[in-house]
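Here's the structure, in structure tokens; my notes come after.
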Amino acid sequence: MLRYFCASQGYIAHQDFADASYMRKVNQLREGLKQVKDYTAPYPLNNMPLFNKLEIETVNRCNGQCAFCPVNRQEKQRPLARMSEELFYSVISQLRELNYAGNIQLFSNNEPFLDRRINTFIRHAKSALPLSFLQMMSNGTLLTLDKFKDCIGFLDSLIIDNYSADYEFHPHVKSIYEYCLQNEELQKKVKICKRTPDEVLHSRGGQSPNHEKVEVIGGSCIYPFNQMVIRPTGQASLCCNDALGEVTLGDVSRRHIAEVWNGPEYVAIREKILRGRQHIRQCSSCTNMLPFFVPPGHHVDEYIPDGHFLMTGKLRVLPSSSWGKKN
Ligand code: SF4
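In the working numbering, the protein residues as written are 261 to 587.
Written out as structure tokens, the structure is:
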């Protein structure tokens with residue numbers, strides 16, 4: 261069934277009122293609209309506080325075949341790009357100058373362990389940015405127990421999505437799971453989720469291959485105000501759901517990351533998204549709402565996809581005072 265939100269009002273024009281989960285989303289959207297307005301009101305659009313969510317994609321490939329993902333390896337591939345080491349270390353150094361203390365992920369729309377340099381990058385990022393919350397996600401297929409042991413001490417959070425049609429363990433994930441069972445501290449930071457590759461998630465900026473067509477979504481979105489996503493080339497994407505990098509909001513290989521964040525491209529996109537998702541093509545059919553809003557100074561520690569968590573807690577929003585601590 262085609263569903264959409266009224267563009268100007270942020271309410272549903274066509275809906276199934278019996279669908280409680282859908283109504284929950286609508287209520288989230290309404291609440292989210294207010295949160296975006298409240299959050300942005302004190303600041304000029306060219307002087308927003310620094311993002312507190314950062315994704316750095318070091319290579320733009322994934323070895324997965326998930327039906328919901330616009331960049332799964334069955335789909336048309338992006339031109340291959342691999343971040344230069346010079347650029348990676350430059351970005352981390354700029355973040356260090358800024359005393360960056362937000363969430364940082366060394367992946368975006370890719371499988372990070374395809375990059376053989378990733379554990380070196382993880383070690384460097386955590387050493388240079390001790391106040392940040394360093395989080396990785398992986399499908400686990402390339403994450404051997406040795407690689408896991410090599411990086412886990414530098415991570416604040418690792419989420420492994422084990423994809424299998426019949427919920428079978430991948431052998432690497434199984435060995436990590438069994439290793440973590442022996443260690444309570446690891447169980448606090450490692451989340452393993454058994455999932456199927458045919459899940460239907462949100463529309464990913466209208467590009468999720470197995471999502472029903474969505475016409476118009478109203479309301480705003482917090483991501484242009486709190487998230488930066490850097491592609492391997494140094495170009496900043498609209499958000500984590502701009503999987504193909506169709507929108508470019510500046511280039512950190514040419515300008516300082518703080519300048520890019522409040523540069524003209526970000527200002528223009530913020531003006532549009534405040535007027536409504538319908539003013540940006542990708543956003544106009546994007547059903548992404550969770551995590552809709554994370555207050556400044558907080559981060560989302562965990563997330564809840566469909567599937568079965570083997571080791572997890574609930575979605576928690578933690579104050580920044582907990583960053584860098586074992587929790
Ligand atoms: S509406 Fe969707 S595509 Fe647009 S910025 Fe938000 S999450 Fe990204």
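Glycine included, C-beta positions come from ideal geometry on N, C-alpha and C.
- With contacts defined by Cβ atoms closer than 8 Å, residue 321 and residue 399 do not form a contacting pair.
- Here DSSP, grouped into helix, strand and coil, assigns residue 522 to coil.
- Beyond the five residues adjoining it in sequence on each side, residue 368 comes within less than 7 Å, by CB distance, of 315, 317, 489 and 500 in the same chain, given in chain order.
- Approximately 34 Å separates the beta-carbon atoms of residue 412 and residue 299; this is outside 8 Å, ruling out the contact.
- A distance criterion of 7 Å places the beta-carbon of residue 369 beyond contact range of the ligand SF4, judged by its closest non-hydrogen atom.
- In this structure, residue 437 keeps its C-beta atom at 8 Å or more from the C-beta atom of residue 419.
- DSSP places residue 380 within a helical segment (H, G or I) once states are collapsed to three.
- A direct Cα-Cα distance of roughly 14 Å separates residue 479 from residue 465.
- Check the Cα spacing between residue 402 and each of 394, 470, 372 and 384: the tightest is with 372.
- DSSP places residue 452 inside the beta strand (DSSP E), whose first and last residues are 450 to 455.
- Under the three-state reduction of DSSP output, residue 315 falls in the strand class.
- Positions of the alpha helix (DSSP H) runs, each at least 4 residues long and wholly inside the region 335 to 360, are given as 345 to 357 in order along the chain.
- Distances taken from the Cβ of residue 540 to the heavy atoms of the ligand SF4 include one shorter than 7 Å.
- Listed as beta-bridge partners of residue 496 by DSSP are 490.
- Along the region 385 to 466, the beta strand (DSSP E) occurs as fully enclosed runs of 3 or more residues at 393 to 398, 417 to 423 and 450 to 455, listed in sequence order.
- Contact between residue 331 and residue 492 does not hold, since their C-beta atoms are separated by about 13 Å, which reaches or exceeds 8 Å.
- Nearest C-alpha to residue 365 among 340, 339, 311 and 337: 311.
- Secondary structure of residue 365 (DSSP, three-state): strand.
- The beta-bridge partner set that DSSP reports for residue 508 consists of 497.
- The alpha carbon of residue 307 has as its nearest neighbour, out of 378, 520, 538 and 444, the alpha carbon of 520.
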